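In the numbering used here, the protein residues as written are 359 to 714.
Ideal placement from N, C-alpha and C gives every residue a C-beta, glycine not left out.
Quantities reported herein were computed from a predicted structural model and do not represent experimental measurements.
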Amino acid sequence: MQVSLIMDNIVFSLQRMGGASVYWGHLLEAAQADPTIDLTVIERSDGLNNKVRSNLNVTAPVILQDRVPRRVAQFVRASVPAAESLFHSSCYRLSRGKSCHDITTVHDFIWAYYTHGLNRAIHMAQIRDAVLGAEGVICVSESTKRDMLRFIPGASNKRIKVVYQGYDEASYTYAPAERKDQVVYVGSRVAFYKNFWLSAEAVAASSDVTLVIVGAPLTDAEKTRLDALLPHRYVSKVFPSSAEVCQILRESIALLYLSEYEGFGIPVLEGMASGAPVIAKNVSSIPEVAGEAGILLDEPTADGVAREIERLRQDRSYRDDVVQKGLQQVKGFSWDRTTRETLDFYHEMFQSRANR
Numbered sequence: 359m360q361v362s363l364i365m366d367n368i369v370f371s372l373q374r375m376g377g378a379s380v381y382w383g384h385l386l387e388a389a390q391a392d393p394t395i396d397l398t399v400i401e402r403s404d405g406l407n408n409k410v411r412s413n414l415n416v417t418a419p420v421i422l423q424d425r426v427p428r429r430v431a432q433f434v435r436a437s438v439p440a441a442e443s444l445f446h447s448s449c450y451r452l453s454r455g456k457s458c459h460d461i462t463t464v465h466d467f468i469w470a471y472y473t474h475g476l477n478r479a480i481h482m483a484q485i486r487d488a489v490l491g492a493e494g495v496i497c498v499s500e501s502t503k504r505d506m507l508r509f510i511p512g513a514s515n516k517r518i519k520v521v522y523q524g525y526d527e528a529s530y531t532y533a534p535a536e537r538k539d540q541v542v543y544v545g546s547r548v549a550f551y552k553n554f555w556l557s558a559e560a561v562a563a564s565s566d567v568t569l570v571i572v573g574a575p576l577t578d579a580e581k582t583r584l585d586a587l588l589p590h591r592y593v594s595k596v597f598p599s600s601a602e603v604c605q606i607l608r609e610s611i612a613l614l615y616l617s618e619y620e621g622f623g624i625p626v627l628e629g630m631a632s633g634a635p636v637i638a639k640n641v642s643s644i645p646e647v648a649g650e651a652g653i654l655l656d657e658p659t660a661d662g663v664a665r666e667i668e669r670l671r672q673d674r675s676y677r678d679d680v681v682q683k684g685l686q687q688v689k690g691f692s693w694d695r696t697t698r699e700t701l702d703f704y705h706e707m708f709q710s711r712a713n714r
């Protein structure tokens, strides 16, 4: 059956780069390439500078919607063609058309757990409205699904599908490399729940181990604190390429991923695929992603993490076993699987409408 699908590219206007953009880019490419999908794209011209969007060759019909200011547009319903269609938004929007049947993807509930006041109220209302207004909901992990049912109990009567995300298999590959006395931290340091400073303290509690910090440039305040905590034992790698990150991971004792909360956790896959053991907190979606391959700590402390680093450093046989488990674990995740299962869900949703 031919599926009429409208994809809303609003996320490309809301961020220059990010996990949601990467996810959406893969879905858009897959839908466009599928002959059973009759695709129409809604987007704004200010989204064309998004790093993912700028690398996409969109050949499907495009409807530009620039009339409403961007920060307003993300909260209002999208105008859509009148034909019977599925409508899938990249960031919690619903369609205005009565003939459209909405699907939304729920990534996480960071807004519920880690924001407060008006900011929390606005974004939680948006997520709640998108979920309750949709006929189908895609969650990126079982953990996110549990959170959704906790914060939005009315979602229990929706058609819900858990579809795991993937990782860049071309960039993150394993090749044997000499291990250096270093561990890696990847990602935001501003969000306190990511536990960057716990990672730094764990390295401080380790002997002669360097912390490689991948991400944004260090601030002066961060440098001052790191100089006191880890004198001459940290290195900053500012926004390296994926291939460069992979090489750093291959050469490292471990990836430290001690986040308090994740909707999914793509860096865990990237670490394991590159051959880096992953030390992480046993919470939210991380057990689903890491499986038996992760070194998962219920209540990580600096000393506890340092002990795990030292074991990996000293026990080659143990480290090799963890690496092999990780390489096996990542075989269950790919963007091909993500897009295939999502397109299958489109067909299920469209077929269910046709049968009514």
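Note that the stretch 697-713 touches the stretch 381-389; at least 3 beta-carbon pairs, one per stretch, sit closer than 8 Å. Beyond the five residues adjoining it in sequence on each side, GLU536 comes within less than 8 Å, by CB distance, of GLU609 in the same chain, given in chain order. Per DSSP, the continuous alpha helix (DSSP H) segment holding VAL663 begins and ends at 660-672. Per the DSSP secondary-structure output, SER362 pairs in a beta bridge with ASP396. When only Cα atoms are considered, GLU493 and ASP487 end up about 12 Å apart. Beta-bridge pairing by DSSP links ALA436 to SER453.
The residue from SER514, ARG695, GLU442 and ASP404 with its alpha-carbon nearest to that of PRO427 is ASP404.
If you draw a straight line from the Cα of GLU706 to the Cα of ASP366, it comes to about 20 Å. The count of Cβ pairs closer than 8 Å, one atom from the stretch 553-565 and one from the stretch 658-666, reaches three, so the stretches are in contact.
Contact between the stretch 544-552 and the stretch 644-657 is absent, with fewer than three C-beta pairs closer than 8 Å. In the same chain as VAL410, and ignoring 5 residues on each side of it, the C-beta atoms closer than 8 Å to its own belong to PHE370, MET375, SER379, VAL380, TRP382 and GLY383, in chain order.
Beyond the five residues adjoining it in sequence on each side, PHE708 comes within less than 7 Å, by CB distance, of MET359, VAL361 and LEU444 in the same chain, given in chain order. Between the alpha carbons of ARG674 and GLY652 lies a gap of roughly 16 Å. Separation of SER594 and GLY512 (C-alpha to C-alpha, rounded to the nearest whole angstrom) is 45 Å. Beyond the five residues adjoining it in sequence on each side, TYR472 comes within less than 6 Å, by CB distance, of TYR551 in the same chain, given in chain order. Closest in alpha carbon position to SER710, among GLU442, VAL416, THR531 and TYR592, is GLU442. Residue range 443-447 is occupied by the beta strand (DSSP E) that includes SER443, with no alpha helix (DSSP H) assigned at that position.
Unbroken beta strand (DSSP E) stretches of 3 residues or longer found wholly inside the stretch 561-599: 568-573 and 592-596, given in chain order. Contact annotation: the stretch 632-640 touches the stretch 613-623, with at least three C-beta pairs closer than 8 Å.
In terms of Cβ geometry, VAL489 and MET506 form a close pair [threshold 9 Å].
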